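**Q**
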Amino acid sequence: MSLTSLSISELRRKFRSRETSPIEALEALEARIGQVEPVVHGYLSRDYAAARTLAEKADISLPLGGVPIAIKDVINVNGEPCSCGSKMLDGYRATYDATVIKMLRAAGAIPFGRCNMDEFAMGSSTENSAFGRSCNPWDPSRVPGGSSGGSAAVVAANEAFAALGSDTGGSIRQPAALCGCVGLKPTYGRVSRFGLVAFASSLDQIGPFTKTVEDAALVLNAISGRDPLDSTSLEEPVPDYAAQLGHDLKGVKLGMPREYFISGIDPQVDAAVRAAIRHYESLGAEIVEVSLPNTEHAVGVYYIIATAEASANLARFDGVRYGSRAGAGNILEMYGQTRGQGFGPEVKRRIILGTYVLSSGYYDAFYLRAQKVRTLIRGDFTRAFEKVDAIICPTTPEPAFKAGDRSDDPLKMYLADIFTIACNLAGTCGMSLPCGFADVDGKKLPVGLQLIGQPFQESRLLQIAHAYEQSTEWHKAAAPL
Ligand code: GLN
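Take 115 as the starting number for the sequence shown in our numbering and just add one per residue.
As C-alpha cells, this is what we get:
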C-alpha cells in the first residue's frame with residue numbers, strides 16, 4: 115500500500131514505529147500530486163518549501179504530529195495565498211493564522227496546500243472558481259461537488275491525508291458524498307470561525323474531510339473549542355472524540371425523515387441509502403420514522419438568509435479595505451469597476467439578491483419571514499431529537515453530475531443541497547460517509563450517507579458513523595486514477 119493512501123491514524127502509527135517520517139510522507143504526497151493533479155486540479159497552490167521546514171522539525175508525539183493537512187482557500191494561513199477562488203483576492207496573502215490553523219499547528223499538523231473552491235464558497239460544483247474547475251477523481255468529466263470541491267477531491271485522490279473545508283449549506287457534506295470521503299460539519303459554535311473569510315456568518319462552520327471516521331474525530335479533536343476571537347464559539351466541553359469511538363449501536367435510535375425519501379431522488383442513491391439503513395438495523399440500531407415538515411422550505415429560506423448575510427459580508431471587497439482595486443476615475447467609478455471586475459456572476463447574483471431581500475419595503479416580506487421559517491425548521495429538528503439519537507438520510511439526491519450540466523441553471527444547482535441545508539439552518543452537526551456506488555455510464559460514482567446529530571453531540575454522531583464504517587468496506591475503495 116502506498117504511503118499516500120494511508121489514513122492519518124495509520125500514518126501516525128508508521129511515524130511512531132519509525133517506519134516512515136514526516137519528510138517521507140510529504141515527499142510521497144509531492145510525487146502523488148505530480149502524477150494526478152493535472153487531472154484533478156484540486157489545489158490552487160502549494161508551498162513545499164514551507165511544509166518541508168515544518169516536517170523537518172515535526173514533533174510526532176503530538177496528536178497530528180507531522181501530518182500535512184490541505185486547507186480550503188477561504189481559511190487564512192499566515193503568509194499563504196487566500197484567494198477564496200476569486201479574482202478579487204488574486205495575489206492576496208494572509209497576514210495571520212485562522213484559529214483553526216493555530217490549533218492544527220499546536221496539534222503538530224502541517225498546513226499544506228490551498229484547495230480550490232467555488233468563489234467565496236458560493237456553489238455546489240467548484241465551477242464557480244475563478245481559477246478553473248476541479249474534477250471528480252472517480253470520473254474527471256464530473257464535478258467533485260462544492261463549494262469545498264478541491265478539498266474533497268484531493269482527499270479522494272490521495273493527494274492529501276485530510277483537508278479542511280467550510281460548510282454553509284452543505285459545502286463539506288455534499289462534496290464528501292460526491293467524492294467518496296468522510297466530511298463533517300460541526301455544530302454551529304463548535305469550531306472557531308476566526309480567520310475564515312465570511313460568507314453567511316450565522317451558518318458557516320469549518321470542518322474536516324478525511325478518509326475515515328476515526329480521522330474525522332482526530333481532526334475535530336484538534337480544532338474544536340471556545341475561541342475568545344469568535345464570540346459565537348461556545349464554551350461547551352470538548353470530549354476526546356477519537357477515544358470515544360468503538361461503541362456498539364444497542365439502544366441507538368435513528369430517525370428516517372419521511373421528507374428526505376422523495377420522488378426525484380436517483381434510484382441508485384435511494385437504494386444505497388436504504389441498504390445502509392437496513393445495515394444499521396442489523397447492527398442493532400432501531401429505525402424510527404420522523405418528520406421534518408418544514409424542510410421543503412429550507413432551500414428558499416437559505417437563499418434569503420445566506421444571500422442577505424453575504425451581501426453585508428462582501429461589502430468590504432471594495433478596492434479600499436480589501437480586494438484588488440480596478441479602474442481610475444472618481445471613487446464611485448473605482449468601486450463599480452473593482453466590484454464589477456473582481457466578482458464572478460454567481461457572487462454578483464447573490465449580492466444583488468441579498469441586497470434586495472434586506473431593502474426597505476422587502477425586509478419584512480422576505481428576510482424577516484425567512485427568519486421565522488428558520489425557527490420552524492429548527493423546531494422540527496428539536497422535536498425529532500426528542501425521539502432519536504441521529505437522523506439518517508441521503509446526503510445528495512444524485513451522484514456527481516457532469517461538469518457544465520447545471521452551470522447555466524442556478525436553481526438546478528441550488529437543489530444539489532436540498533438535503534444538507536436544513537442542518538445549517540438548524541445549527542446542528544452533520545456528516546457524510548461513503549455508503550455505496552452508483553453505476554453511471556460504466557463508471558462507479560460514490561454515494562454518501564448523511565447522519566445529522568444533536569447540537570454538540572459530535573461524539574455520538576461519530577460513534578454511529580464509525581460502527582457502520584467498521585462493518586462495511588465502502589471507505590476502502592480507491593478512485594481509479
Ligand atoms: N451550495 C450552497 C451555496 O451555494 C452551499 C455553499 C456552502 O455551504 N458554502 O450556497
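Quick reminder that beta carbons are idealized off the backbone N, C-alpha and C, glycines included. Note that the coordinates shown come from a computational prediction; the quantities given were computed from them, not determined experimentally.
Mapping the DSSP letters down to three states, classify E400 as helix, strand or coil.
**A** The answer is strand: DSSP assigns E400 an E or B state.
**Q** First and last residue of the beta strand (DSSP E) that includes D281?
**A** Looking at the DSSP string, the run of the beta strand (DSSP E) that includes D281 is 276-281.
**Q** List the whole-angstrom C-beta distance separating G283 from I535, where the pair is believed to meet the contact cut-off of C-beta under 8 Å.
**A** So it is a contact: roughly 4 Å between Cβ atoms.
**Q** Considering just the uninterrupted stretch of the beta strand (DSSP E) at A184, what are its terminal residues?
**A** It spans 182-186 - the beta strand (DSSP E) in which A184 sits, taken as one unbroken run.
**Q** Can you determine whether any heavy atom of ligand 1 sits closer than 8 Å to the C-beta of D519, and answer yes or no?
**A** False, no ligand heavy atom lies under 8 Å from that Cβ.
**Q** If you count every other CB in all the chains shown that lies within 10 Å of the CB of S396, and 16 or more means buried, which is it?
**A** Exposed: under 16 other Cβ atoms inside 10 Å.
**Q** Does at least one heavy atom of ligand 1 sit under 8 Å from the Cβ of F313?
**A** Answer for F313: yes, Cβ within range of ligand 1.
**Q** How long is the line joining the alpha carbons of A422 and G369, rounded to whole angstroms?
**A** So the two alpha carbons sit approximately 32 Å from each other.
**Q** Can you list, in chain order, the residues of its chain with a C-beta nearer than 6 Å to that of R304? Leave out the 5 residues immediately preceding and following it.
**A** So the qualifying residues of the chain are S338.
**Q** Are the CB atoms of C293 and P560 within a distance shorter than 9 Å?
**A** A contact, by the Cβ cut-off of 9 Å.
**Q** Given the structure, does T346 come close to ligand 1, in the sense that its CB is under 8 Å from one of the ligand's heavy atoms?
**A** No, since every heavy atom of ligand 1 falls outside the 8 Å radius drawn around the Cβ of T346.
**Q** Check the C-beta distance from G222 over to P177 and give it rounded, since I have them as a contact under 8 Å.
**A** Right, their Cβ atoms sit about 7 Å apart.
**Q** Give the straight-line distance between the Cα atoms of I122 and A498, rounded to the nearest whole angstrom.
**A** C-alpha separation (whole angstroms): 34 Å.
**Q** Opposite Q319 in the DSSP bridges: which residues?
**A** Answer is D281, bridged to Q319.
**Q** Quick one: which unbroken beta strand (DSSP E) runs of 3-plus residues sit fully inside the stretch 149-186? Chain order, please.
**A** List check, beta strand (DSSP E) in window: 157-159, 182-186.
**Q** May I have the straight-line CA-CA distance separating A424 from V311, to the nearest angstrom?
**A** Approximately 11 Å, taken between the alpha carbons.
**Q** Residues in its own chain within less than 8 Å of R439 by CB, not counting five upstream and five downstream?
**A** Around R439: G433, M448, T452.
**Q** Taking 8 Å as the cut-off, is the CB of A235 close to at least one heavy atom of ligand 1?
**A** At least one heavy atom of ligand 1 is nearer than 8 Å to the Cβ of A235, so yes.
**Q** What I want to know is whether the C-beta of Y528 ends up closer than 8 Å to one or more non-hydrogen atoms of ligand 1.
**A** Yes; taking the cut-off as 8 Å, the Cβ of Y528 has a heavy atom of ligand 1 nearer than that.
**Q** For D362, which residues from the same chain have a beta carbon less than 7 Å from its beta carbon, with the 5 sequence-adjacent residues on both sides left out?
**A** G398, A581, listed in sequence order.
**Q** Mapping DSSP to helix, strand and coil, what is L490?
**A** Correct three-state label for L490: helix.
**Q** Is S573 buried or exposed, if buried means 16 or more other CB atoms sit within 10 Å of its CB?
**A** The residue in question, S573, is buried, as its Cβ has 16 or more Cβ neighbours within 10 Å.
**Q** Looking at the unbroken beta strand (DSSP E) that takes in I506, where does it start and where does it end?
**A** 504-508 is the extent of the beta strand (DSSP E) around I506.
**Q** Where does L547 fall in DSSP's three states?
**A** Strand, per DSSP.
**Q** In the DSSP assignment, the alpha helix (DSSP H) including R453 goes from what residue to what residue?
**A** Note, R453: alpha helix (DSSP H), 445-456.
**Q** Taking the alpha helix (DSSP H) that R574 falls in, what are its first and last residues?
**A** It spans 572-584 - the alpha helix (DSSP H) in which R574 sits, taken as one unbroken run.
**Q** For V188, which option in A165, K216, A235 has the closest C-alpha, if you only look at C-alpha atoms?
**A** Closest by alpha carbon: A235.
**Q** Could you check whether the Cβ of A484 sits closer than 8 Å to any heavy atom belonging to ligand 1?
**A** For ligand 1, not one heavy atom lies less than 8 Å from the Cβ of A484.
**Q** Considering only the beta carbon of each residue, do S546 and A386 sit closer than 9 Å?
**A** No, these two residues do not count as a Cβ contact at 9 Å.
**Q** For a test of the three-state rule: what should DSSP assign to P195, helix, strand or coil?
**A** P195 falls in the strand class under three-state DSSP.
**Q** Taking D344 as the reference, give the member of L482, G544, D318 with the closest Cα.
**A** The shortest Cα separation from D344 among L482, G544, D318 belongs to D318.
**Q** Under 8 Å from any heavy atom of ligand 1, does the C-beta of D531 make it?
**A** Answer for D531: yes, Cβ within range of ligand 1.
**Q** From Q358 to Q577, what does the alpha carbon distance come to, in whole angstroms?
**A** For Q358 and Q577, the distance between alpha carbons rounds to 7 Å.
**Q** Does any heavy atom of ligand 1 sit closer than 8 Å to the C-beta of D187?
**A** No - ligand 1 has no heavy atom lying nearer than 8 Å to the Cβ of D187.
**Q** Short of 7 Å in beta carbon distance, which residues of its chain neighbour Y470, apart from the five on each side in sequence? Order them along the chain.
**A** Excluding positions up to five away in sequence, the list reads Y476.
**Q** Count the other C-beta atoms from every protein chain shown that fall within 10 angstroms of the C-beta of S238, then say buried if there are 16 or more, exposed otherwise.
**A** Classification for S238: buried.
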